[in-house]
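J.: Could you have a look at this structure, given as structure tokens, before my questions?
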Amino acid sequence: MGGHAMARHISACRVPGGPPRMGRMTITESTHVRAGLLAFVAAGTVANLYYSQPILASLAASLSTSASRAALVVVATLIGNGLAQSLLVPLADLVERRRLTQALLAVQAAAMLVMALCNQLVIAVAASVAVGLGGAAAMVLLPYAAALTPPQQRGRSTGVVMSGVLLGILFSRSISGFISTAFDWRVTYLAGAVLTVAAAILLSAFPPSRAVRPPSGYTRLLASVARLAARDRFVQRRMLIGALGFVSFNLLWTGLTLRLSEPPYRFTDLTIGLFGLIGLAGALVAKNTGAWFDHGHGALVSRIGWAATATAWAVSVASDGGGLAGVAVVILAVALLDAGMQAQHITNQSALITARPTQTARVTTAYMSANVLAGAVGSTLASALYPAHGWNALAALGLACSATALLVLLTGRPRHQA
1 MGGHAMARHI
11 SACRVPGGPP
21 RMGRMTITES
31 THVRAGLLAF
41 VAAGTVANLY
51 YSQPILASLA
61 ASLSTSASRA
71 ALVVVATLIG
81 NGLAQSLLVP
91 LADLVERRRL
101 TQALLAVQAA
111 AMLVMALCNQ
121 LVIAVAASVA
131 VGLGGAAAMV
141 LLPYAAALTP
151 PQQRGRSTGV
161 VMSGVLLGIL
171 FSRSISGFIS
181 TAFDWRVTYL
191 AGAVLTVAAA
201 ILLSAFPPSR
211 AVRPPSGYTR
221 LLASVARLAA
231 RDRFVQRRML
241 IGALGFVSFN
251 LLWTGLTLRL
261 SEPPYRFTDL
271 TIGLFGLIGL
281 AGALVAKNTG
291 AWFDHGHGAL
301 VSRIGWAATA
311 TAWAVSVASD
321 GGGLAGVAVV
331 ILAVALLDAG
341 MQAQHITNQS
351 ALITARPTQT
361 ARVTTAYMSA
371 NVLAGAVGST
381 LASALYPAHG
391 WNALAALGLA
401 CSATALLVLL
411 TGRPRHQA
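Numbering follows full-length UniProt numbering, in which position 385 of the sequence shown is assigned residue number 385; successive positions increment by one, without gaps.
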């Protein structure tokens with residue numbers, strides 16, 4: 001059955017006077033199927049943003065540069081994604097969301113192909129910006145999924161899609177490391193381009209969705225996003241907490257790649273990539289966080305998440321000695337930080353979508369723009385601080401982020417759920 005025919009079949013299968021049905025499937029079940037498929041698309045889209053992290057040493061050798069300079073690829077990807085969050089994601093409140101997502105995926109696939117073929121760092125950096133631009137498709141999927149979901153299930157739906165985002169991040173590192181070691185780092189980007197095209201085709205099976213109309217015109221739309229960020233204290237608070245999380249997250253992963261590729265570890269791309277699988281603890285948290293939020297436990301989950309993040313950074317300083325003990329410390333720190341990151345991130349996303357149901361794309365834009373640009377700052381700081389001052393400098397900064405976020409959470413007004 002073709003994509004459009006499938007979409008018509010899904011729309012047509014409903015019982016007169018009753019809830020929409022998908023064959024014998026109730027609307028609740030079809031909602032779960034849709035969220036799961038959208039999570040798959042989000043996973044592939046976001047994975048493309050993180051393929052470069054565990055293979056910096058190989059990429060640097062291929063492009064005749066240093067690993068610290070090759071880290072500009074990571075920074076450029078995040079900058080491109082941050083620009084897209086600010087300038088392109090708001091279009092999800094103005095144009096049809098499915099087609100917007102497919103257009104962004106097409107841009108990303110083309111940029112991935114350029115990455116696979118490039119032989120100069122400047123070209124890799126430029127292509128990485130475009131990869132980041134296309135990666136905004138994952139954030140368009142959030143309001144799209146919300147529009148296809150009954151209001152009482154939107155927290156759960158957000159959690160499922162965000163689980164896909166997390167799994168994409170986690171498996172991107174392992175897949176990238178494996179392919180780079182077994183074949184070549186360029187094959188990673190070529191495979192990513194193919195999967196991105198497949199994801200765009202898959203979306204043709206979904207129904208179109210339009211959001212509530214914002215102020216007419218693209219300029220007014222962007223102005224409304226700026227007003228939200230400047231005037232809405234609820235959104236500002238979420239932006240601050242989320243930005244601190246992304247600084248911490250990218251400090252860890254960019255710094256960890258540099259740390260594990262040199263003495264006393266000297267790990268290969270494959271081994272470094274396998275550390276990404278440790279973050280499956282975060283995926284398990286993400287799966288349930290949306291449901292916990294729906295039951296009114298958002299504040300508690302967010303605070304526990306940040307406490308776990310602070311603990312991760314405190315523990316990580318014991319990894320200096322290397323060996324099995326050092327590896328065990330790294331594993332524990334990564335598990336705690338990824339779980340804590342996802343707990344606070346999904347709680348923030350759920351709170352924003354629930355509190356501003358007619359502005360989902362715009363609040364997502366404000367929130368994720370701050371987060372992704374903060375992530376670029378985190379990667380930049382890691383690549384600058386680690387060679388000069390070592391891991392303890394990163395740990396101190398990570399702990400400062402955690403302490404600040406906990407202070408914001410503990411001093412917030414009770415009406416805020418997280």
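Virtual Cβ for every residue (Gly too), placed ideally from N, Cα, C. Note that the structure is a prediction, hence the values are computed from the model and not measured.
Whose C-alpha, out of R237, L228, A318, R99, is nearest the C-alpha of P208?
T.: Ranking the options by Cα distance to P208, first place goes to R99.
J.: Based on Cα-Cα distance, which residue from S350, H389, L385 lies nearest to V160?
T.: Selected option, being the one with the closest Cα: S350.
J.: Assign L410 to one of two classes, buried (16 or more other C-beta atoms within 10 Å of its C-beta) or exposed (fewer than that).
T.: The residue in question, L410, is exposed, as its Cβ has fewer than 16 Cβ neighbours within 10 Å.
J.: Tell me the rounded alpha-carbon separation between L202 and G164.
T.: When rounded, the distance between both Cα atoms is 15 Å.
J.: Nearest-angstrom Cα distance between T188 and A361?
T.: Rounded to whole angstroms, T188 to A361 spans 31 Å at the Cα level.
J.: Evaluate V107 with the Cβ neighbour count: other Cβ atoms within 10 Å of its Cβ, from every protein chain shown; 16 or more gives buried, anything less gives exposed.
T.: It counts as buried.
J.: Any idea what DSSP makes of Q120, helix, strand or coil?
T.: Coil, per DSSP.
J.: Specify whether the stretch 33-44 and the stretch 227-234 touch according to this definition: at least 3 beta carbon pairs, one from each stretch, less than 8 Å apart.
T.: The stretch 33-44, when compared against the stretch 227-234, does not touch it at the 8 Å Cβ threshold.
J.: Suppose contacts are defined by Cβ-Cβ distances below 9 Å. Is M139 in contact with T364 by that definition?
T.: Taking 9 Å as the Cβ cut-off, M139 and T364 qualify as a contacting pair.
J.: Once you ignore the five residues that flank L336 on each side, which residues in its own chain have a CB closer than 6 Å to its CB?
T.: If we look at L336 and ignore the five residues flanking it on each side, its Cβ neighbours are A308, T311, A312.
J.: Where does A400 sit, in a helix, a strand or coil, going by DSSP?
T.: If DSSP states are grouped into helix, strand and coil, A400 belongs with the helices.
J.: For T257, which of S62, T158, L394, A109 has the nearest alpha-carbon?
T.: Comparing Cα positions, the closest option is L394.
J.: Considering only the alpha carbon of each residue, which of A366, L59, V73, Y50 lies closest to G242?
T.: If we check each option's Cα against that of G242, A366 comes out closest.
J.: L56 to V95, Cα distance in whole Å?
T.: In a straight line, the C-alpha of L56 is about 37 Å away from that of V95.
J.: Whole alpha helix (DSSP H) runs in the stretch 356-389 with 4 or more residues, listed along the chain?
T.: Within the stretch 356-389, the complete alpha helix (DSSP H) runs of at least 4 residues are 360-389.
J.: In chain order, what residues of the same chain lie with their CB nearer than 7 Å to the CB of T380, ignoring the 5 residues before and after it?
T.: Correct list, in chain order: V75.
J.: Sorted by chain position, which residues of the same chain lie with C-beta nearer than 6 Å to I278's C-beta, five sequence neighbours on each side aside?
T.: Result list for I278: I331, V334, A335, in chain order.
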